[in-house]
Amino acid sequence: MNQEAFQARHEGDWIAFENWLKTVTARRVRGQAATASPGEETVAHRYRVLCQHLALARDRQYSPGLVERLNALVMRGHQVLYGAHTETGPAVARFFAADFARAVRKQWRPIALAAALFFVPLFAVAAAIQIWPDLIHTLLPQKQILTYQEMYDPANKRPGQRPAQADTFMLGHYIYNNIKIGFQTFAGGLLFGLGSAFYLTTNGVLIGATAGHLIQIGFATSFLGFVAGHSALELSGIVLMGGAGLMLGSALLLPGQLARVSALRVKARAAVPLVYGAGALLTLAALVEAFWSPVAQFPPALKYAVGLALWLLLVTYFLLAGRLRAD
Numbered sequence: 223m224n225q226e227a228f229q230a231r232h233e234g235d236w237i238a239f240e241n242w243l244k245t246v247t248a249r250r251v252r253g254q255a256a257t258a259s260p261g262e263e264t265v266a267h268r269y270r271v272l273c274q275h276l277a278l279a280r281d282r283q284y285s286p287g288l289v290e291r292l293n294a295l296v297m298r299g300h301q302v303l304y305g306a307h308t309e310t311g312p313a314v315a316r317f318f319a320a321d322f323a324r325a326v327r328k329q330w331r332p333i334a335l336a337a338a339l340f341f342v343p344l345f346a347v348a349a350a351i352q353i354w355p356d357l358i359h360t361l362l363p364q365k366q367i368l369t370y371q372e373m374y375d376p377a378n379k380r381p382g383q384r385p386a387q388a389d390t391f392m393l394g395h396y397i398y399n400n401i402k403i404g405f406q407t408f409a410g411g412l413l414f415g416l417g418s419a420f421y422l423t424t425n426g427v428l429i430g431a432t433a434g435h436l437i438q439i440g441f442a443t444s445f446l447g448f449v450a451g452h453s454a455l456e457l458s459g460i461v462l463m464g465g466a467g468l469m470l471g472s473a474l475l476l477p478g479q480l481a482r483v484s485a486l487r488v489k490a491r492a493a494v495p496l497v498y499g500a501g502a503l504l505t506l507a508a509l510v511e512a513f514w515s516p517v518a519q520f521p522p523a524l525k526y527a528v529g530l531a532l533w534l535l536l537v538t539y540f541l542l543a544g545r546l547r548a549d
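Positions in the sequence shown are counted from 1; adding 222 to them yields the working numbering.
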């Protein structure tokens, strides 16, 4: 087959593939997913055919212009189909600029349930201890109570920061602790959601008991001054992990028309953005807790203001980020 006949037979396929590449590139610039191949054939199949056309053009020694055109299409197709990992930077920026918040809004029901399971026990226990102070001894062991009292006793506070190596050590400890709690809360969803509900409620009770006791004995300023800065990031991260876990549980309890494994796969895919985002929040919380929260030079009022600002910023982000694109 001569070059003219070869081009006449396949020109339509090449143009269709090139138009698809332009469409995909434009959609990715707007942060949208690429969908639907032209015609009845799949994009992957058309790409393989295009590679065959390039090989034939080279083997038959068609004009350099045609070979270069087909080679350029093959290279662009490979980048679009198999080279998405090279766009890691823009993809991460797009995720935190819009996609994470959109995922939170989309999955608001399991997240709201997780928030109720966590915050209701937290505030209820903290309030109850103001009325029945001895309740703390039912919820926490005496050794742990004494440890918390020593940590937050204003009389034991020394001005100034910890040594740099101590901050770094505590950073590792906080990251490990936060991620461990988050993972437990998320993975517990595989127990038909009961594990997630258990960890959310238990952590709410323990945090509420600790906060309520320290406030009741007069350590409110030192305790709240320490936790204010990282509370928004840490508590939100736990709730989001719990919401993702409850999504897994719902797939196992109510799979609908799908098999449980298929329903779990669908829900897990939808939960991934929550897990990634929550993991980032928990890591940021550890950074704040290690390098900001223990700084004694900053007055409590400043720490309260920063903590409140972070709560407002986080709520605003979840409500508004990404709304310029369709939810």
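All C-beta atoms in this analysis are idealised placements derived from N, C-alpha and C, irrespective of residue type, glycine included.
Please report the residue range of the alpha helix (DSSP H) in which residue i lies.
i      : result
Phe445 : Ala442 to Leu475
Ile333 : Trp330 to Ile353
Gly501 : Arg482 to Phe513
Tyr284 : Where Tyr284 is concerned, there is no enclosing alpha helix (DSSP H), given that its DSSP letter is neither H nor E.
Leu361 : Ile358 to Leu361
Gln479 : No alpha helix (DSSP H) contains Gln479, which DSSP labels as neither H nor E.
Run through DSSP, which three-state label would residue i get?
i      : result
Asn224 : coil
Gly394 : helix
Phe414 : coil
Ile439 : coil
Phe520 : coil
Arg545 : coil
Asp375 : coil
Report the rounded CA-to-CA distance for residue i versus residue j, giving the unit in angstroms.
i      : j      : result
Glu262 : Val246 : Caution applies to Glu262, whose pLDDT of 38 falls short of 50 and renders its modelled position unreliable; the model cannot decide the point.
Ala346 : Val517 : 30 Å
Pro522 : Phe341 : 24 Å
Gly426 : Ile403 : 12 Å
Leu551 : Leu272 : Here the chain comprises residues numbered 223 to 549, so residue 551 is not present and cannot be evaluated.
Thr369 : Asp375 : 10 Å
Leu339 : Asp321 : 25 Å
Ala485 : His232 : 42 Å
Leu530 : Leu413 : 35 Å
Ala442 : Ala348 : 12 Å
Ala248 : Val302 : 12 Å
Met297 : Ala315 : 25 Å
Phe391 : Leu476 : 44 Å
Ala512 : Leu393 : 5 Å
Gly417 : Gly447 : 32 Å
Ala334 : Phe520 : 34 Å
Met373 : Gln352 : 20 Å
Arg327 : Phe540 : 7 Å
Tyr398 : Leu292 : 51 Å
Ala466 : Gly411 : 8 Å
Arg491 : Gly234 : 37 Å
For residue i, count the other beta carbons within 10 Å of its own beta carbon; 16 or more makes it buried, fewer makes it exposed. Which is it?
i      : result
Met463 : buried
Val494 : exposed
His275 : buried
Asp281 : exposed
His435 : buried
Pro286 : exposed
Pro355 : exposed
Thr407 : buried
Trp242 : buried
Met469 : buried
Asn378 : exposed
Thr432 : buried
Leu210 : Any question about residue 210 goes unanswered here, given that the chain covers just 223 to 549.
Lys365 : exposed
Asn400 : buried
Gly415 : buried
Ile237 : exposed
Ala230 : exposed
Val537 : exposed
Pro312 : exposed
Leu534 : exposed
Under 8 Å, Cβ to Cβ, is there at least one residue of chain C near residue i?
i      : result
Ala323 : In the structure shown, chain C cannot be found, because there is only a single protein chain.
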